[in-house]
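Enquirer: One structure is given below, represented as structure tokens, and several questions about it will come after.
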Amino acid sequence: MVVLKGVPALLSPEILFALARMGHGDEIGLGIPQLLEAVLQLLPLDTYVESPAVVMELMPSDRKRGLLTPVWTSYQSILSKAGYEGSLGMVERFAFYERAKKAFAVVATGETALYGNLILKKGVLAPEDLCQAC
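For the sequence shown, our numbering assigns the number 16 to the initial residue and increments by one for each residue that follows.
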């Protein structure tokens, strides 16, 4: 657990280190809504791509049987609160796996929600956002 002012306690030193080392366009895979809220306090999303936050699209059989994915609604709400106005992107199953393999970091959270995995693409901070405390 990290005990620093302004840093969410959910963010371990390893996650903070990964976030700090990420460059523009790097991706991180994660799950669990509370962790998403914490990460979005520190990580700017890429505004130069169509979908900087993506989930794996439903398999045809799951779509056919009407499988619900309430965690996506939760993710969308959290993203909106963080200032992201777009919608979650959907990536085909095997393309999602390939992107996850290439991600800068993967966070194992124990998320059990079906289709709960999420990939975020890091953006850049505007110059006026770089030193808010200065």
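The beta carbon of each residue, even a glycine, is placed where N, CA and C say it ideally should be.
Is Val-54 near the ligand HEM, going by C-beta to nearest heavy atom under 7 Å?
Expert: The ligand HEM is absent from the structure shown, which contains no ligands of any kind.
Enquirer: Could you tell me the alpha carbon to alpha carbon distance between Tyr-99 and Leu-51, rounded to whole angstroms?
Expert: Straight-line Cα distance between these residues: approximately 13 Å.
Enquirer: For Lys-20 and Gln-49, what's the separation of their Cα atoms in angstroms?
Expert: Approximately 18 Å between the Cα atoms of the pair.
Enquirer: Less than 8 Å separating the beta-carbons of Lys-136 and Pro-67?
Expert: Contact flag set, yes.
Enquirer: To the nearest angstrom, report how far apart Thr-124 and Ile-134 are at their CA atoms.
Expert: Computed Cα separation, rounded: 13 Å.
Enquirer: Between Val-86 and Gly-131, is the Cβ-Cβ spacing less than 8 Å?
Expert: In this structure, Gly-131 lies closer than 8 Å to Val-86 by Cβ.
Enquirer: By DSSP's criteria, Ala-120 is part of a beta bridge. Which residues make up the other side?
Expert: The partner list for Ala-120 (beta bridge, DSSP) reads Ile-43.
Enquirer: List in chain order: all unbroken alpha helix (DSSP H) runs of 4+ residues lying wholly within the region 71-102.
Expert: DSSP runs (the alpha helix (DSSP H)) wholly in the region 71-102: 75-79 and 85-96.
Enquirer: Inspect the CB distances between the region 104-118 and the region 88-96 and report whether three or more fall short of 8 Å.
Expert: In short, these stretches do not touch, since the Cβ pair count stays below three.
Enquirer: Which residues does DSSP pair with Val-106 in a beta bridge?
Expert: In DSSP, Val-106 forms a bridge with Met-71.
Enquirer: Residues in the same chain with beta-carbon distance under 6 Å from Ala-33, minus the five sequence neighbours each way, listed in chain order, please.
Expert: Answer for Ala-33: Ala-120, listed in chain order.
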